[in-house]
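Trainee: One structure is given below, represented as structure tokens, and several questions about it will come after.
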Amino acid sequence: MMDNLRAASNHVVLKIILGLIILSFVLTGVGNYLIGGNNDYAARVNGQEISRGQLEQAFNSERNRQQQMLGDQFSQLASNDGYMQQIRQQALSQLIDQALLDSYIKDLHLSISDDQVKQAIFNQQAFQTNGKFDNAKYLGLIGNMGFSADQYAEALRKQLSNQQLINAVANTDFTLKGEASKLVDLVSQQREIRQATLDVNALAAKQTATDDEISQYYQQHKSSFMAPEQFRVSYLLMDAASMQQAASDADIQAWYDQHKADYTQPQRNRYSVIQTKTEADANAVLAQLKAGASFADVAKAKSIDPISARKGGDMGWLEPSTTPDELKNAGLTEKGQMSGVIKSSVGFLVVRLDDIQPEQVKSLDDVRSAVAAKVKQEKGVDAFYKLQQKVSEAASNDNESLAGAEQASGLKAKETGWFSQDTLPAELNFDAVKQAIFNGGLAGQNGAPGNNSDIITVDGDRAFVLRISEHKPEAVKPLDQVKAQITDTLKHDKATQQAKAQADKLLADLKAGKQDALTAAGLTLSASKTVDRNAQDPVAQAAFNLPQPADNKPSWGVSEDMQGNVVLVAVDKVKTGSMPQAQIDEMVKGVTQNNAQLTFEALLQNLRKEAKIKYGAAAQMQ
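This note's numbering puts the sequence shown at residues 3 to 624.
What follows is the structure, encoded as structure tokens:
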């Protein structure tokens, strides 16, 4: 049974459904279907209790979400008590917000009808087959998750109520036509500019750097000249895929006999059901059916289960793993046989066995190629593990080289060149291998070779044994290796300072009306060009930070271009641009949504401010 549940929980469709409803289950009282009550509580919100169990479920859900999102990094973060407490507080905060929203929704008399819930279920693609609602799939999927139809519908109703509130808040925000027009004018604005460039590289070629300046820069910036830790590694790679062996007829037959269940479809039954609230209603239904009434007609008219009633009670084909216990225990063994009144957790049932599909077993001839592949794979894996054992023993007995491991395996060790953590060879790029190399346990003293590693298994079907041949610790590069780099940096810095000083002087002259200042400096303005606010060019961006030109005189400023040159910028004219209507609509929509989000956050803040919130001992539990 547990194997079936584990397999079901990994099914992609179940993951989709869980993704849609898990928030509702975690953040609402529906979580109490899965966890028991407890006198200890996490918080009380206006008298409504949030139990320790609800908090634990919300905390575990958020913890699992972050683990999936962060991967290996999560293990390190999880060891920090402060980080885990932060997750717990975040989960509790979400539970409190949901309790406040539930109460607010109730005060506003927002409600979701049964028809809306039903339609939401019918529209869920996870419950459809070939674009049509599949009742058997629906019941099977939610059953595998441990929920009845009523529990699932109630959780969905809460989710839809939340969405109704969000939509109501979002639809209250709007942008006035005049506001939108001003926003469009601002965003689409264009500017005509000219520019004069002071070439920093040309100025740098005329600069010098003394030995004292170079030495001083080196001493002050040694951390910028670190050579990373370096390694050379010898390794053997064992691959199960390369060890597959031929499969004999006897091997294939034996494997098929042992795994015949894998090629067997169990007996499937097709049922129709009528669900009622009371036993009296069920007895009345049973009487009608015994009097000759059509089961489908009675189901459509009398059944309180909207899903099966829509199909005349038909529940589709059910395998043993998806058949409710009430149906299994009804004692129905022949087609057309009808039960008496059955008491269940959802009311009372009258059930009919409509059809039986016997167990079906695929013959060996039908699956021979697949079985042969399985046999080859298992033989390869078996040989793989046996080889690992031999290599492990040899590498341990001769711990100062891979010679013994080479002899035991019949494989030739490979040798890498020098690499750092950032330049690890692709063939060694596995987390377990990186951990073995870089955690310090295999490196020898003072750069000497280290010991052999244990067997390192990766991807389940490959394994390494390796040793660090040579090792260089992190160190500052000597001055003679970086002198040329420092010289270029110093010369470039001096040139940049000179260009900025010259540009500032020219800017002052130009603002004072000295129009010949550029000519005197040997500079000329470029031809006029039009730039818009979305331009990535830093000169264009600087132009939009300058004031608009006045009195037919340009507005001047200083910037740098993408090559690091210093640039004098003249803004000659500001023009109104245009924007496609679709882009305008999208921009206004974005602004509106942003405002709606701020409004919703303000709503939550006000609800919290006015609420009586009392925290219990469970809120502080680590």
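In this text, a Cβ means the ideal position worked out from N, Cα and C, and glycines have one as well.
Owing to the predicted nature of the structure, the values given are computational and were not obtained by experimental measurement.
The ligand MN heavy atoms versus the CB of residue 344: any closer than 7 Å?
Mentor: Among the components of this structure there are no ligands whatsoever, and the ligand MN is therefore not found.
Trainee: Would you call the CB atoms of residue 381 and residue 246 closer than 8 Å?
Mentor: Taking the sequence shown and counting its residues from 1, one reaches residue 381 at position 379. Taking the sequence shown and counting its residues from 1, one reaches residue 246 at position 244. Their beta carbons are under 8 Å apart, which means residue 381 touches residue 246 by this criterion.
Trainee: So, helix, strand or coil for residue 294, using DSSP?
Mentor: Translated into positions along the sequence shown, residue 294 becomes position 292. Correct three-state label for residue 294: coil.
Trainee: Whose CA, out of 603, 266 and 594, lies closest to the CA of residue 361?
Mentor: On the sequence shown, residue 361 is found 359 positions in, with the first residue counted as 1. Per the Cα distances, 266.
Trainee: Taking buried to mean at least 16 other C-beta atoms within 10 Å of its own C-beta, is residue 67 buried or exposed?
Mentor: Residue numbering aside, residue 67 sits at position 65 when the sequence shown is read from its first letter. That one is exposed.
Trainee: Taking Cβ to Cβ, would you say residue 102 is nearer than 8 Å to residue 609?
Mentor: Working through the sequence shown from its first residue, we reach residue 102 at position 100. Working through the sequence shown from its first residue, we reach residue 609 at position 607. Contact: yes.
Trainee: Looking at C-alpha atoms only, which residue of 75, 303 and 447 is the closest neighbour of residue 283?
Mentor: Taking the sequence shown and counting its residues from 1, one reaches residue 283 at position 281. Comparing Cα positions, the closest option is 303.
Trainee: To the nearest angstrom, report how far apart residue 611 and residue 605 are at their CA atoms.
Mentor: To locate residue 611, count along the sequence shown from 1; it is residue 609. To locate residue 605, count along the sequence shown from 1; it is residue 603. Distance between the alpha carbons of residue 611 and residue 605 is about 10 Å.
Trainee: Output the boundary residues of the alpha helix (DSSP H) element that contains residue 258.
Mentor: Position 256 of the sequence shown holds residue 258. Its alpha helix (DSSP H) spans residues 251-260.
Trainee: Residue 53 by DSSP, collapsed to three states: which one?
Mentor: Numbered from its first residue, the sequence shown carries residue 53 at position 51. Residue 53: strand per DSSP, three-state reduction.
Trainee: For the stretch 357-441, which segments carrying the alpha helix (DSSP H) assignment without a break, of at least 4 residues, lie completely within its bounds, in sequence order?
Mentor: Segments of the alpha helix (DSSP H) lying fully in the stretch 357-441: 366-399, 405-411 and 433-440.
Trainee: Three or more C-beta pairs under 8 Å: does that hold for the stretch 144-153 against the stretch 93-100?
Mentor: Output reads no: the stretch 93-100 does not touch the stretch 144-153.
Trainee: Find out if the Cβ-Cβ distance for the pair residue 492, residue 197 is shorter than 8 Å.
Mentor: Position 490 of the sequence shown, counted from the start, is the residue given in the question as residue 492. Position 195 of the sequence shown, counted from the start, is the residue given in the question as residue 197. Contact: no.
Trainee: Taking just the CA atoms, how far does residue 154 sit from residue 26?
Mentor: The sequence position of residue 26 within the sequence shown is 24, counting from 1. The sequence position of residue 154 within the sequence shown is 152, counting from 1. Unreliable placement is indicated for residue 26, whose pLDDT of 43 sits below 50; no coordinate value is reported for it.
Trainee: What is the rounded straight-line gap between the Cα of residue 473 and the Cα of residue 440?
Mentor: In the sequence shown, residue 473 corresponds to position 471, counting from 1. In the sequence shown, residue 440 corresponds to position 438, counting from 1. Computed Cα separation, rounded: 11 Å.
Trainee: To the nearest angstrom, how far is it from the Cα of residue 243 to the Cα of residue 385?
Mentor: Reading the sequence shown from its first residue, position 241 is the one you call residue 243. Reading the sequence shown from its first residue, position 383 is the one you call residue 385. Spanning the two alpha carbons is a distance of roughly 10 Å.
Trainee: Is residue 318 near residue 272, with beta carbons less than 8 Å apart?
Mentor: Your numbering for residue 318 matches position 316 in the sequence shown. Your numbering for residue 272 matches position 270 in the sequence shown. Result yes, Cβ atoms of residue 318 and residue 272 sit closer than 8 Å.
Trainee: Output the boundary residues of the beta strand (DSSP E) element that contains residue 43.
Mentor: As a position in the sequence shown, residue 43 is number 41, starting the count at 1. Start and end: 43-47.
Trainee: In the DSSP assignment, the alpha helix (DSSP H) including residue 570 goes from what residue to what residue?
Mentor: In the sequence shown, residue 570 corresponds to position 568, counting from 1. Taken as a continuous stretch (DSSP letters only), residue 570 belongs to no alpha helix (DSSP H), being part of the beta strand (DSSP E) at 568-577.
Trainee: From the DSSP secondary-structure annotation, give me the bridge partner or partners of residue 473.
Mentor: Residue mapping note: residue 473 aligns to position 471 of the sequence shown, counting from 1. According to DSSP, which records beta bridges pairwise, residue 473 is partnered with 233.
Trainee: For residue 647, which of helix, strand or coil comes out of DSSP?
Mentor: The chain is shown only over 3 to 624; residue 647 falls outside these bounds and no answer can be derived.
Trainee: What is the DSSP secondary structure of residue 617, reduced to helix, strand or coil?
Mentor: Taking the first residue of the sequence shown as 1, we reach residue 617 at position 615. Three-state DSSP puts residue 617 in a strand.
Trainee: Please return the same chain residues whose Cβ sits closer than 7 Å to the Cβ of residue 475, not counting the five positions on each side in sequence.
Mentor: As a working mapping, residue 475 is identified with position 473 in the sequence shown. Here the set comprises 231.
Trainee: According to DSSP, what are the bridge partners of residue 343?
Mentor: On the sequence shown, position 341 is the one that residue 343 refers to. The partner list for residue 343 (beta bridge, DSSP) is empty, contrary to what the question assumes.
Trainee: Going by C-alpha to C-alpha distance, which of 536, 484 and 551 sits closest to residue 228?
Mentor: Translated into the one-based positions of the sequence shown, residue 228 becomes position 226. When only C-alpha atoms are compared, the closest one is 484.
Trainee: Taking the C-alpha atoms as reference points, what is the distance between residue 295 and residue 339?
Mentor: If you number the sequence shown from 1, residue 295 lands on position 293. If you number the sequence shown from 1, residue 339 lands on position 337. Roughly 15 Å between the two C-alpha positions.
Trainee: Considering just the uninterrupted stretch of the beta strand (DSSP E) at residue 199, what are its terminal residues?
Mentor: As a working mapping, residue 199 is identified with position 197 in the sequence shown. Segment 192-200, the beta strand (DSSP E) holding residue 199.
Trainee: If we count the other Cβ atoms within 10 Å of its Cβ and call it buried at 16 or more, is residue 115 buried or exposed?
Mentor: For this step, residue 115 is matched to residue 113 along the sequence shown. Classification for residue 115: exposed.
Trainee: Cutting at 6 Å between CB atoms, please list the residues of its own chain near residue 460, excluding the five before and the five after it.
Mentor: By 1-based counting over the sequence shown, the position of residue 460 is 458. Taken in chain order, the residues that qualify are 432 and 434.
Trainee: Report the CB separation of residue 191 from residue 579 in whole angstroms; it is logged as a contact under 8 Å.
Mentor: Counting from one through the sequence shown, the residue named residue 191 turns up at place 189. Counting from one through the sequence shown, the residue named residue 579 turns up at place 577. Yes, residue 191 and residue 579 are in contact; Cβ-Cβ is about 6 Å, under 8 Å.
Trainee: Can you look up residue 242 in the DSSP assignment and give me helix, strand or coil?
Mentor: Working through the sequence shown from its first residue, we reach residue 242 at position 240. Note: residue 242 maps to helix in three-state DSSP.
Trainee: Which residues in the same chain have their Cβ closer than 6 Å to the Cβ of residue 550, if we skip the five residues on either side of it in sequence?
Mentor: Residue mapping note: residue 550 aligns to position 548 of the sequence shown, counting from 1. Closer than 6 Å at Cβ, skipping near neighbours: 576.
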